[in-house]
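Comments concern the structure below.
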Amino acid sequence: MPTTETTSVPANQVGTATDDTAFFGHPRGLSTLFFTEMWERFSYYGMRALLILFMTAPVAAGGLGFEARDAGVIYATYTAFVYLLSLPGGWIADKFLGLRRSVFIGGVIIMFGHISLALPGIATFYLGLVLVVLGTGLLKPNISALVGQLYLPDDARRDAGFSIYYMGINLGAFIAPLVCGTLAQAEWFKAFLMNLGIDPKGSWHWGFGAAAVGMFLGLVQFVLTGKFLGNAGAPPAPNPDAEEARKAKRQLILGIGAVVGILGLVAILGATNAVEINADNISFVIGVAYVIVTVGYFGALFAQEWTPVERNRLIVIVVLFVCAAVFWSAFEQAGSSLNLFADRYTNNTLFGMAFPSSYFQSLNSLFVISLAPVFAWLWVWLSQRSLEPSSPVKFAIGLLGVGLGFVILVPPAFTIIGAPEGFRVSPMWLVMVYLIHTIAELCLSPVGLSTVTKLAPERVVGQMMGVWFLGASVGNFAGGQIASLFETFPLPWLFLSVFATAGLASLVLFLLVRPIRNLMGGIK
Ligand code: GLN
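Remember, the working numbering sits 649 above the position in the sequence shown when you count from 1.
Given below as structure tokens:
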């Protein structure tokens, strides 16, 4: 039976009693978050699977008819911003809304974003992207922080809990392309629309509509089962320092004003052709903005008042941030360079039957679903024997793994050079890459989420989650830029340079394990 007792622990720290084992040995609230995030990721990955295809499809086929380079930059910017907005999203939760309300409001905004995309038209397209970015910024870091609040700081189940939660993410990510992709692209569905007297060119928008339905189901689920969260993620107590509270409000208004101003300016510049908005300009401006935002954000963070222990732990979070950025810059190429490799150079047949290259996109989620329980069990099993590697060691293994995945592709990439037109390599190469990448991901991603919730001081856990996702954002952006070299840089060297970067980061981290553990101050 679910319990919401919290008498023996600080009220704001956990939502459910630590002896609550109603969901696979974990607090019942984990199931609420598992299914909410499953549906949110369903909507995110379902839409993402269509995004670049929709942008590049000819207008006659219902697409936007964009060139690949432009579509690529919009794609990279969108995926980067989805995670970048976690920074204000986490801050707003910590200062004003609390985690739970942020998740709900974020989900509503995301749903309207997908509804907007479901309506044909260029204005609804861009509006939809902006809404999904804003909503995800509010939901994604805060739902992850909520998972952390289900456990006491020293609860050994925390890492395992995050592994289970990570399965929810991937369950949504696995199903979504199959559902949304079928609605958008399958010939039988187009014929079905035609029979109903509906223009089949609009099938893309049915795919986006399915993403909206998914988010709606997630919201319903979140509301109906919210009681299992107990008092986790409640709004913050009013700040006793009136001046501080006013300052936070001023910052919020300023921030909203700045975002509206920048979006308005870009819209005016674009609409009046005052400045040529092209892929190169956008990449450059955003690249510079990333450096400013990152340095400025960390500078502002360290300027705040912290106890010495907190400050040390913040340093660790910054180190984890750098590692995460390097990791995601390699890993997130799944949707770009690895996708292109599958499409152009891989023999996509299984037992003599051809399959679409995009099916490779599901492999990672499939492997996560199969392996996450193994990892959840493995960490508990190791910790019971006092053998569990510390989080920095797991991170270093993850970095090495993501690099090794790229090394696997070097031999097939060499065989392609100079090969006759139409030569294709075995699909097993990519299967192996995705398997190794998934193992690496499971050593780093759920562990990172969990570690950040342990290291972050309670009052800023949302913001620290934002820092974690800033790593994903930088990684997505950098990965997109690397992938844009796909046609101009020899592939074996491109893949080897990804390995070299990740491998070097792994080596440095291995060497730093001891000092990092000292800074963590007792947290594993
Ligand atoms: N695949 C995971 C998710 O969708 C991790 C993504 C990331 O943090 N870059 O949550």
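Just so you know, even glycine gets a beta-carbon here, dropped at the ideal spot from N, CA and C.
Keep in mind that this is a model prediction, so the values were computed, not measured.
query	result
Quick check on DSSP: helix, strand or coil for A1003?	strand
Return the residue from the list L1153, L1119, S680 and R960 that minimises the CA-CA distance to W740.	L1119
Please list the terminal residues of the continuous alpha helix (DSSP H) segment that includes L733.	A717 to L733
Taking the alpha-carbon positions, what's the F730 to P737 distance?	11 Å
Mapping the DSSP letters down to three states, classify N1167 as helix, strand or coil.	helix
Rounded to whole angstroms, what's the CA-CA distance from F857 to T785? Just pull it up for me.	16 Å
If I follow the unbroken alpha helix (DSSP H) through E836, where does it start and stop?	E836 to N844
Could you tell me if M704 is buried or exposed, where buried requires 16 or more neighbouring beta carbons within 10 angstroms of its beta carbon?	buried
Could you spell out the range, first to last residue, of the alpha helix (DSSP H) harbouring E686?	G678 to T705
Among the candidates F683, G1047 and I701, whose CA atom is the shortest distance from the CA of A794?	F683
Which whole-angstrom value describes the C-beta separation of N791 and M1114, a residue pair presumed to lie in contact below a C-beta threshold of 8 Å?	7 Å
Using 8 Å as the cut-off, can you tell me whether the region 688-707 makes contact with the region 810-825, which would need three or more C-beta pairs spanning the two stretches below that distance?	yes
W688: beta carbon under 7 Å from a heavy atom of ligand 1?	no
For K898 and L780, I'd like the C-alpha separation in whole angstroms.	22 Å
Roughly how many angstroms separate the alpha carbons of L702 and G712, rounded to a whole number?	8 Å
Which same chain residues end up closer than 6 Å to G833 when comparing Cβ atoms and leaving out the 5 residues on each side of it in sequence?	Note that residue 833 is Ala in the sequence shown, not Gly. L699, S852, W853 and G856, listed in sequence order.
What is the C-beta distance between T874 and S680, in whole angstroms, given that I count them as a contact (C-beta under 8 Å)?	7 Å
To the nearest angstrom, how far is it from the Cα of F1016 to the Cα of W1026?	16 Å
Can you give me the Cβ contacts of P1022 inside the same chain, cut-off strictly under 6 Å, excluding the 5 residues immediately before and after it?	none
So what's F1126 in DSSP terms, helix, strand or just coil?	helix
Closer than 7 Å to a non-hydrogen atom of ligand 1 - does that hold for the CB of I759?	no
Classify T921 as helix, strand or coil using the three-state DSSP reduction.	helix
For A1105, which residues of its own chain have a beta-carbon under 6 Å away from its beta-carbon, when the five flanking residues on both sides are left out?	M1113
Rounded to whole angstroms, what is the Cα-Cα separation between F947 and E925?	32 Å
Leaving out five residues on either side along the sequence, give the residues of the same chain with a beta carbon under 6 Å from the beta carbon of L950.	none
Whose CA, out of L1161, A1121 and S986, lies closest to the CA of V1147?	S986
Work out the CA separation of P889 and A1154 for me, nearest whole Å.	43 Å
Pick from N1167, P1041 and V1162: whose alpha carbon is nearest that of V1101?	P1041
Do you know how far the Cα of F976 is from the Cα of L1158?	12 Å
DSSP on L1161, reduced to helix/strand/coil?	helix
What does a CB cutoff of less than 6 Å around I1065 pick up in its chain, not counting 5 residues either side in sequence?	Y994
Would W837 be called buried (16 or more neighbouring beta carbons within 10 Å of its own) or exposed?	exposed
Quick one: is the Cβ of A822 within less than 7 Å of any heavy atom of ligand 1?	yes
So, are the CB atoms of G1128 and E892 less than 8 Å apart?	no
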